[in-house]
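Below is one structure, written out as structure tokens; the observations come after it.
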Amino acid sequence: MAIEIKVPVLPESVADATIATWHVQPGEAVSRDQNLVDIETDKVVLEVVAPEDGVISEIIKQEGDTVLQEELIANFEAGAAPVAAPAAKEEPKAEAAPAVAAAPAPAADLDVLSPAVRRLVAEHNLDPKQIPASGKRLSKEDVEAFIKGGAKPAAAPAATASAPVSAGLREEKRVPMTRLRKRIAERLLEAQHNAAILTTFNDINMKEVVELRARYKDQFEKVHGTRLGFMSFFVKATVEALKRFPDVNASIDGDDIVYHGYYDVGVAVSSPRGLVVPVLRDADTLSLAEIEAKIREFGAKARDNKLSLDDMTGGTFTVSNGGVFGSLMATPIINPPQSAILGMNRMEDRPVVVNGEIVIRPMMNVALSYDHRIIDGRESVGFLKTIKEFIEDPARLLLDL
27 MAIEIKVPVL PESVADATIA TWHVQPGEAV SRDQNLVDIE TDKVVLEVVA
77 PEDGVISEII KQEGDTVLQE ELIANFEAGA APVAAPAAKE EPKAEAAPAV
127 AAAPAPAADL DVLSPAVRRL VAEHNLDPKQ IPASGKRLSK EDVEAFIKGG
177 AKPAAAPAAT ASAPVSAGLR EEKRVPMTRL RKRIAERLLE AQHNAAILTT
227 FNDINMKEVV ELRARYKDQF EKVHGTRLGF MSFFVKATVE ALKRFPDVNA
277 SIDGDDIVYH GYYDVGVAVS SPRGLVVPVL RDADTLSLAE IEAKIREFGA
327 KARDNKLSLD DMTGGTFTVS NGGVFGSLMA TPIINPPQSA ILGMNRMEDR
377 PVVVNGEIVI RPMMNVALSY DHRIIDGRES VGFLKTIKEF IEDPARLLLD
427 L
């Protein structure tokens, strides 16, 4: 039975998408619900699965092609058997060669690399000619298997008689920008152009949280099944500060200010496709353990490109932790239509004055970027000061003080 494979219904506000990776080739047997193709939008990666057991009889849209909602991209034969590869024709006037086992095709003889493969190769600085292919074309799975097997960065090509190489190579690589990266760029420029962004800073003494975490982290993980990090403390402190400064939790819609009566906190997460911001829904109702577990779930989904549109839709405020990459001081950019974003940085031991004495304490710089059209300096400074007070005295979070 012939079945048409079409682009699924795209998320709201998404006009088109790109064929990212075909996981099967025409004639290859697949089972029901097996992933056939990844379709990349500027928000999420959509998976299209096999409707039945069978084979792909024809691929209509190739990797890198732009497609529209419900557009035909392939034909599928349900219940069909896999198609055997055609036997090689005997060359005239040539002796028969001895039979040998089929070997993977070398990458040097492959067709042009797909956008998904080019991105993966560029991200890991690999030489595609060194990666064995499982078929006639190097696939994303081939590259991932090569990486898991201990891939090494590509070395500079050796000079040959036919292709002399100068001592000082000036190589360039051109890699297509992903749809997500394009969308990130658009939104960042939109924030810069349409908002009056200001940033205020403060530093936080992390001693109490560090000691609390060291004291209970093993017991916490044993009871709750997840590690205790610093993000959950900052999310809880952020929610309490948002309750006290509702303007920071609001957004501008035309000439109106929309005050949100809920606290959906976005958490910036790095992924192979770029920075994504999944949302902790109703963060005010979540415990420290629930926040930590959800953030780790988001991180795993981001690495595997499994974040759904629902995971990343909405959000009234964002927390970004650049400290995991070593940032000492940074000015985060607002995630529109939100009006503010909290930036965390790395924690380091520094000399500070406590009760008239110079002591060494684990300190962290934090930054609040905000839209000055809706948030004044008094609110922004008070908001950041409130977070500082909660982190420096975390018992207040438990006592609701």
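In our numbering, the protein residues as written are 27 to 427.
We put the CB at the ideal spot given by N, CA and C, even for glycine.
Paired residues, beta bridge with SER297 - DSSP: In the sequence shown, counting from the first residue as 1, residue 297 sits at position 271. Looking at the DSSP assignment, SER297 forms a beta bridge with GLY300.
PHE271 (DSSP reduced to helix, strand or coil): Translated into positions along the sequence shown, residue 271 becomes position 245. Reduced to three states, the DSSP call for PHE271 is coil.
Environment of SER313 [buried if 16+ CB atoms lie within 10 Å]: Taking the first residue of the sequence shown as position 1, residue 313 is located at position 287. Label assigned to SER313: exposed.
Whole-angstrom C-beta distance between VAL56 and VAL81, which should lie under 8 angstroms: Position 55 of the sequence shown holds residue 81. Position 30 of the sequence shown holds residue 56. At roughly 7 angstroms, the Cβ-Cβ gap stays under 8 angstroms, so VAL81 and VAL56 are in contact.
Inter-residue CB distance, ALA294 and TYR285 (contact presumed, cutoff 8 angstroms): The sequence position of residue 294 within the sequence shown is 268, counting from 1. The sequence position of residue 285 within the sequence shown is 259, counting from 1. Between TYR285 and ALA294 the Cβ distance is about 24 angstroms, and since that is not below 8 angstroms, they are no contact.
Anticipated Cβ contact below 8 angstroms, ASP290 with LEU306, distance rounded: Walking along the sequence shown from the start, residue 290 turns up at place 264. Walking along the sequence shown from the start, residue 306 turns up at place 280. Between LEU306 and ASP290 the Cβ distance is about 7 angstroms, and since that is below 8 angstroms, they are a contact.
Within 9 angstroms, strictly: CB atoms of MET21 and ASN231: Outside the shown range of the chain, which is 27 to 427, sits residue 21, and nothing can be said about it.
TYR289 (DSSP reduced to helix, strand or coil): Stepping through the sequence shown from its first residue, residue 289 is reached at position 263. For TYR289, the three-state secondary structure derived from DSSP is coil.
C-alpha gap between ALA319 and GLY287, whole angstroms: Translated into the one-based positions of the sequence shown, residue 319 becomes position 293. Translated into the one-based positions of the sequence shown, residue 287 becomes position 261. Cα to Cα, ALA319 sits roughly 24 angstroms from GLY287.
Of the listed residues MET373, VAL50 and GLY349, nearest to GLU84 (C-alpha basis): Within the sequence shown, the letter at position 58 stands for residue 84. Closest by alpha carbon: VAL50.
Buried versus exposed call for ASP402 [16 or more other C-beta atoms within 10 Å across all chains shown]: In the sequence shown, residue 402 corresponds to position 376, counting from 1. Its Cβ having fewer than 16 others within 10 Å, ASP402 is exposed.
Classification of ALA46 by the beta-carbon crowding that lies within 10 angstroms, buried from 16 upward: By 1-based counting over the sequence shown, the position of residue 46 is 20. Answer is buried; the Cβ neighbour count reaches 16.
Beta carbon of ALA43 nearer than 9 angstroms to that of ILE65: Counting from 1 along the sequence shown, the entry for residue 43 is found at position 17. Counting from 1 along the sequence shown, the entry for residue 65 is found at position 39. Yes, they are a contact pair.
Cβ-Cβ distance between ILE359 and ILE173 below 9 angstroms: The residue labelled residue 359 in the question sits at position 333 within the sequence shown. The residue labelled residue 173 in the question sits at position 147 within the sequence shown. No, the Cβ-Cβ distance between ILE359 and ILE173 is not below 9 angstroms.
Residues bridged to PHE227 (per DSSP): Within the sequence shown, the letter at position 201 stands for residue 227. ALA393, per the DSSP bridge assignment.
DSSP-derived helix/strand/coil call for PHE343: For this step, residue 343 is matched to residue 317 along the sequence shown. Strand, per DSSP.
Straight-line Cα distance separating LYS269 from ASP137: To locate residue 137, count along the sequence shown from 1; it is residue 111. To locate residue 269, count along the sequence shown from 1; it is residue 243. Low local confidence applies: a pLDDT of 44 at ASP137 is under 50, so the model's placement there is unreliable, and no value is given.
Alpha carbon of GLY408 to alpha carbon of PHE227, nearest angstrom: In the sequence shown, the residue the question calls residue 408 occupies position 382. In the sequence shown, the residue the question calls residue 227 occupies position 201. Roughly 11 angstroms separates the two Cα atoms.
Where MET338 falls: helix, strand or coil (DSSP): Numbered from its first residue, the sequence shown carries residue 338 at position 312. Correct three-state label for MET338: helix.
Residue range of the unbroken beta strand (DSSP E) whose run includes ASP168: Within the sequence shown, residue 168 is the residue found at index 142, counting from 1. Note, ASP168: premise wrong, no beta strand (DSSP E); alpha helix (DSSP H) at 166 to 174.
Three-state secondary structure assigned by DSSP to MET232: Along the sequence shown, read from residue 1 onward, the residue named residue 232 stands at position 206. Here MET232 sits in coil by DSSP.
Own chain residues within Cβ distance below 8 angstroms of LEU238, not counting five before or after: Walking along the sequence shown from the start, residue 238 turns up at place 212. The residues are PRO420.
Own chain partners of PRO304 with C-beta closer than 8 angstroms, once the 5 adjacent residues on each side are dropped: Numbered from its first residue, the sequence shown carries residue 304 at position 278. Contacts found: GLY292, VAL293, VAL295, PHE324, LYS327, ALA328, LEU333, ASP337 and MET338.
Which residues DSSP lists as bridging ALA43, in chain order: Indexing the sequence shown from 1 puts residue 43 at position 17. Beta-bridge pairing links ALA43 to VAL93.
Residue environment, ILE384, which counts as buried when at least 16 other CB atoms sit within 10 Å: Locating residue 384 in the sequence shown gives position 358, counting from the first residue. So ILE384 counts as exposed.
Neighbourhood of ASP59 by C-beta, 7 angstroms cutoff - its chain only, sequence neighbours within 5 removed: Within the sequence shown, residue 59 is the residue found at index 33, counting from 1. Cβ neighbours of ASP59 beyond the five flanking positions: VAL75 and ALA76.
Classification of ILE386 by the beta-carbon crowding that lies within 10 angstroms, buried from 16 upward: Position 360 of the sequence shown, counted from the start, is the residue given in the question as residue 386. It counts as exposed.
Closest by C-alpha distance to SER297, when choosing among LEU146, ALA171, VAL274 and ASP310: Against the sequence shown, residue 297 aligns to sequence position 271. The option with the nearest alpha carbon to SER297 is LEU146.
Cβ-Cβ distance between ILE400 and ILE278 below 9 angstroms: Residue 400 sits at position 374 when you count from the first residue of the sequence shown. Residue 278 sits at position 252 when you count from the first residue of the sequence shown. Cβ atoms of ILE400 and ILE278: closer than 9 angstroms.
Contact check, GLY300 vs ARG207, beta carbons under 9 angstroms: On the sequence shown, position 274 is the one that residue 300 refers to. On the sequence shown, position 181 is the one that residue 207 refers to. Going by C-beta atoms, GLY300 is nearer than 9 angstroms to ARG207.
Near the ligand HEM: VAL295 beta-carbon under 8 angstroms from a heavy atom: What this structure holds is no ligand at all, so the ligand HEM is not there to describe.
Minimum C-alpha distance to HIS219 - residue among PRO272, ILE31, ASP397 and LEU410: For the purposes of this step, residue 219 is identified with residue 193 of the sequence shown, where counting begins at 1. If we check each option's Cα against that of HIS219, ASP397 comes out closest.
PHE256 versus ASN371 - alpha carbon distance: Here residue 256 refers to the residue found at position 230 when the sequence shown is read from its first residue. Here residue 371 refers to the residue found at position 345 when the sequence shown is read from its first residue. Each residue's Cα considered, the two are about 11 angstroms apart.
Residues near ILE31 by beta carbon distance below 6 angstroms, same chain, minus five either side: Against the sequence shown, residue 31 aligns to sequence position 5. Closer than 6 angstroms at the Cβ level, and outside the excluded window around ILE31, lie ILE99, ALA100 and PHE102.
Beta-carbon gap between ILE367 and THR344 smaller than 9 angstroms: Position 341 of the sequence shown, counted from the start, is the residue given in the question as residue 367. Position 318 of the sequence shown, counted from the start, is the residue given in the question as residue 344. Cβ distance < 9 angstroms, so ILE367 and THR344 count as in contact.
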